[in-house]
Amino acid sequence: MPRFLAPLLILWPASAWAAPPDMASALLRTGWALLVVVGLILALYGLSKKRLVLGKAGGTAIKVIELRPVQPKATLALVEVRGREYLLGIGADSIHLLADLSAEPAGKPADFSAILAQQP
77 MPRFLAPLLI LWPASAWAAP PDMASALLRT GWALLVVVGL ILALYGLSKK
127 RLVLGKAGGT AIKVIELRPV QPKATLALVE VRGREYLLGI GADSIHLLAD
177 LSAEPAGKPA DFSAILAQQP
């Protein structure tokens, strides 16, 4: 039996024979490992934010001016495309053009209070 154990004891790491570490050194090692992991996560987040800029990856031909949720799966979107404004209805499975706001006459007031001010 001792002949079989001798090769195992030679291959066994020396740290296994050392005394167990105290609580302070174990906490210090855990803290350093946690700092390294959090640092890696923050570095990857910063790189992904820099390289994968969402919403600005393409040109500036399309701008979403405003989004208004109407129902849980329906939204109104005011979108500007090459200087023209469109009102879109966005549903769960489709997108519809509701109005071309650029086609309205220029003399028409833009807000409700201006319309009320014009009424006698």
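The working numbering applies: residue 77 is where the sequence shown begins, and numbers increase by one. The beta carbon of each residue, even a glycine, is placed where N, CA and C say it ideally should be.
Beta carbon of residue i nearer than 8 angstroms to that of residue j
i: L164; j: I171; result: yes
Of the residues the options, the one placed nearest residue i, counting alpha carbons only
i: R144; options: G167, S124 and K126; result: G167
i: A137; options: V155, A175, V114 and V113; result: V155
i: A175; options: I117, V114 and L152; result: L152
i: I141; options: R160, L123 and A190; result: R160
i: Y162; options: K139, K149 and Q147; result: K139
i: K149; options: V157, D169 and V114; result: D169
Beta bridge counterpart(s) of residue i as assigned by DSSP
i: L163; result: L154 and A175
i: I138; result: V157
i: P145; result: T151
CB contact check: residue i to chain D, cutoff 8 angstroms
i: S101; result: Chain labels in this structure do not include chain D; a single protein chain is all it has.
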